[in-house]
Amino acid sequence: MDFVEVVRKRRMVRHFKPDPFARESLERILDLARRAPSAGYTQGQSFLVVTDPERRRAVAEACDESFEVELYGHPWISEAPVQILACTSEAAYRFGHRDPEELPQDGSEIQWPVPYWYFDLGCSVMLILLAAVNEGLAAGYARVIDVPRLRELLGIPEDVIPVGVIPIGYPDRDLPALSLRRGRKPASEVIHWERW
């Protein structure tokens with residue numbers, strides 16, 4: 004599929020068919036997510052794939068799916084046949100980047116001017132969302148509310164932060180996306196040349 008077409012087709016889907024899809028598609032999506040940029044080539048992003056129905060329901064509960072059901076009328080987080088938990092590690096950025104030329108000589112943590120661990124994970128998430136479209140699938144994104152519950156349920160290490168859940172599958176009939184109802188802001192409001 005043409006890149007421009009993939010970008011224009013991408014939207015947050017919140018209703019999925021239960022139909023499974025090929026594992027090879029999922030592996031291609033995840034391989035592309037690994038290719039996202041990372042500050043200092045830290046590669047602190049990681050992904051946890053959940054396909055078991057009971058476990059998907061428990062993950063959805065940690066995302067407060069009952070609130071989502073009130074908004075969208077169905078349990079869209081748990082109904083997708085695959086969930087990808089997008090995770091990052093702040094510790095990997097602060098302590099894990101081990102280029103001796105860049106480490107503070109006193110052994111202290113590296114100071115980052117912005118939390119690149121979240122920026123880099125956002126890049127990976129966008130690649131997952133676009134790659135899903137390229138595979139003929141759809142994806143959404145749900146915030147994680149109960150991190151301790153997810154850690155216990157899925158054995159996530161303390162230094163890894165599960166930031167969000169990306170349900171993936173074939174789309175079912177869905178409410179129109181906010182972008183379709185409201186429209187995108189005009190370029191003049193979001194693009195500035197030379198100065199604000």
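For what it's worth, our numbering labels the leading residue of the sequence shown as 4, then goes sequentially. C-beta: ideal position from N, C-alpha, C; glycine also.
**Item:** Val128 classed as buried or exposed, judged by whether at least 16 other C-beta atoms fall within 10 angstroms
**Value:** buried
**Request:** In angstroms with no decimal places, state the Cα-to-Cα distance between Pro21 and Tyr144.
**Result:** Approximately 17 angstroms, taken between the alpha carbons.
**Asked** Given that a residue counts as buried once 16 or more other Cβ atoms are within 10 Å of its Cβ, and exposed if not, what is Gly139?
**Response** exposed
**Prompt:** Of all the options Ala141, Ile164 and Arg146, which has the alpha carbon lying nearest to the alpha carbon of Tyr173?
**Reply:** Taking the Cα of Tyr173 as reference, the smallest distance to any Cα among Ala141, Ile164 and Arg146 is reached at Ala141.
**Item:** Identified DSSP bridge partners for Thr91
**Value:** Gln48 and Ile164
**Message:** Within a Cβ cutoff of 7 angstroms, which residues of the same chain sit near Trp79, ignoring the five residues on either side of it in sequence?
**Reply:** Excluding residues within five positions, the ones whose Cβ falls inside 7 angstroms are Arg17, His18, Phe19, Glu71, Gly143 and Pro170.
**Request:** Please report how far the alpha carbon of Glu82 lies from the alpha carbon of Lys12, in whole angstroms.
**Result:** 21 angstroms
**Message:** Buried or exposed, going by whether 16 or more other CB atoms sit within 10 Å of the CB of Pro151?
**Reply:** When all chains shown are included, Pro151 counts as exposed.
**Message:** Quick check on this structure: which residue in Val53, Lys188, Gln46 and Leu133 has the alpha carbon closest to the alpha carbon of Asp5?
**Reply:** For Asp5, the nearest C-alpha among the options comes from Leu133.
**Asked** Going by beta carbon distance, what residues of the same chain come within less than 6 angstroms of Gln86, once the five residues before and after it are set aside?
**Response** Val53, Arg59, Val62, Val168 and Pro170
**Asked** From Ala25, Cys90 and Cys66, pick the residue whose C-alpha is nearest to that of Gln48; which is it?
**Response** Cys90
**Request:** Could you say if the region 151-162 and the region 114-124 meet the contact criterion of at least three C-beta pairs nearer than 8 angstroms?
**Result:** no
**Item:** Proximity of Glu64 and Ile164 at Cβ, strictly below 8 angstroms
**Value:** No, the Cβ-Cβ distance between Glu64 and Ile164 is not below 8 angstroms.
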